[in-house]
Each structure stands twice: as structure tokens, then as C-alpha cells.
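Participant: Just passing along the structure, written as C-alpha cells.
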Amino acid sequence: MLLSGMVTGMQEPTVTSLLIQFWGSEHLGRLRSIFVAGMVFASGLAPATFGIMLDPGISFTGILIMMIVMVCIGFLLAWGPLTRQVREQRREVRP
Numbered sequence: 003m004l005l006s007g008m009v010t011g012m013q014e015p016t017v018t019s020l021l022i023q024f025w026g027s028e029h030l031g032r033l034r035s036i037f038v039a040g041m042v043f044a045s046g047l048a049p050a051t052f053g054i055m056l057d058p059g060i061s062f063t064g065i066l067i068m069m070i071v072m073v074c075i076g077f078l079l080a081w082g083p084l085t086r087q088v089r090e091q092r093r094e095v096r097p
């Protein structure tokens with residue numbers, strides 16, 4: 003529970019600062035609404051997805067491993083655009 007609270011406490015400021023960094027504060031409300039809608043949809047879909055995976059006998063450990071693999075794939079897919087964005091911002095800052 004402690005770790006869950008720490009992650010939740012760090013998530014909101016981190017996401018907000020990234021949204022402002024990439025798209026500016028003038029679009030923050032619109033972007034936050036899109037992200038929150040996605041989170042609500044995912045939290046509604048998760049129990050059914052877990053049930054469908056548990057019914058044929060996939061273990062909970064197997065499901066967790068699949069989730070870790072999906073997070074790693076998402077990280078790798080985001081790595082390229084994020085590093086490009088950082089490089090462009092560094093070029094803008096240099097005189």
C-alpha cells in the first residue's frame with residue numbers, strides 16, 4: 003500500500019509536467035481529459051480482461067509477466083520520440 007501511495011503521489015505531478023513540456027499549458031485541460039478518459043476506460047476493461055485470461059488457466063504470475071512485457075514494449079516505443087524531443091529542446095536552449 004505504501005508503494006502504491008508513493009507511485010500515485012508521483013504520477014500526477016510527473017504527467018502534468020510532461021504534458022506542459024510537450025504540448026504547452028494552453029492545451030492542458032484538453033489533454034488531461036483525454037488521459038483521464040483513457041484511464042477510466044482501462045480500469046473498466048481490466049476486470050473483464052483478467053477474467054478472460056484466468057478462465058482458461060493462465061496463472062496470475064503469467065498475467066503479471068505479460069503486463070511487464072507490455073510496459074517494456076511501451077517504454078521502447080516511447081523512447082525514440084522522447085529522446086528526439088529532448089534533443090530538439092536542447093538545441094533551442096543553446097545560443
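The opening residue of the sequence shown carries number 3 in the working numbering; numbering runs sequentially from there.
For each residue, glycine too, the CB sits at the ideal point set by N, CA and C.
Do I65 and F52 have their C-beta atoms closer together than 8 Å?
Facilitator: Residue numbering aside, residue 65 sits at position 63 when the sequence shown is read from its first letter. Residue numbering aside, residue 52 sits at position 50 when the sequence shown is read from its first letter. Yes, the Cβ-Cβ distance between I65 and F52 is below 8 Å.
Participant: From the DSSP output, in three-state form, read off P83 for me.
Facilitator: Against the sequence shown, residue 83 aligns to sequence position 81. Looking at P83 - three-state DSSP - the assignment turns out to be helix.
Participant: With S45 as the anchor, note down where its alpha helix (DSSP H) starts and where it stops.
Facilitator: The residue labelled residue 45 in the question sits at position 43 within the sequence shown. S45 -> alpha helix (DSSP H) spans 30-56.
Participant: Quick one: Cα of A39 to Cα of L21, how far?
Facilitator: Against the sequence shown, residue 39 aligns to sequence position 37. Against the sequence shown, residue 21 aligns to sequence position 19. Those two C-alpha atoms are separated by around 15 Å.
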